[in-house]
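Single-structure report; data block below.
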Amino acid sequence: MTREELKAAATSMLERAYCPYSHFPVGAALECADGSVFTGCNIENAGYSPTICAERTAVAKAVSEGRRDFVRIAVAGRSEDFCVPCGVCRQVLQEFAPDMEVICLNGSGEELALPLKALLPYGFDRSLLPDAGKP
Ligand code: THU
């Protein structure tokens, strides 16, 4: 998928967003090393805290289908500002692909592209867990 197609896939997911509380739709399209793409939208909840962001919807779809090797993600919003991933989503993306690219879109389709590492410097990861990987 081309970069423009990935951005279009994220933007098309704005239609699927379930956001009756914030009225802030977000769409995401996550590309893996094998070229597969998993899309997502934000899914809100009356309990507020169960809300899941578009990026994590896409990650859950990908990981549950056996893909973890993310290359880039496009995140679309409708506001003037670029739709940057929240802190929780940055952490979740880092778990699987610390070197991936994040393409943030605004409502005009303009992009701000950054390495995930620029969005999450000094991120906490498994290397900081002394017993990681041990049974
Ligand atoms: N949201 C996302 O889907 N992705 C982000 O990274 C930023 C925030 C959603 C969560 C909530 O449904 C709405 O945007 C307002 O915060």
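In this text, residue positions in the sequence shown follow our numbering: the first is 1, and each later residue adds one. All C-beta atoms in this analysis are idealised placements derived from N, C-alpha and C, irrespective of residue type, glycine included.
Classification of residue 37 by the beta-carbon crowding that lies within 10 angstroms, buried from 16 upward: buried
Buried or exposed (CB count within 10 angstroms, at least 16 for buried), residue 40: Buried, by the Cβ-count rule.
4 or more residues per run - each alpha helix (DSSP H) lying fully within the region 87 to 121: 87 to 96, 116 to 119
Own chain partners of residue 75 with C-beta closer than 8 Å, once the 5 adjacent residues on each side are dropped: The answer, listed in chain order, is 10, 26, 27, 28, 54, 55, 83, 84, 85, 102, 103, 104, 105.
Identity of the residue in 16, 115, 90, 71 nearest residue 124 by Cα: 90
Of the residues 127, 43, 65, the one placed nearest residue 34, counting alpha carbons only: Looking at the Cα atoms, 65 is the closest of the given residues.
Proximity test, residue 55 beta-carbon vs the ligand THU heavy atom, cut-off 7 Å: yes
Residue 68 beta carbon less than 8 Å from that of residue 31: no
Three-state secondary structure assigned by DSSP to residue 58: helix
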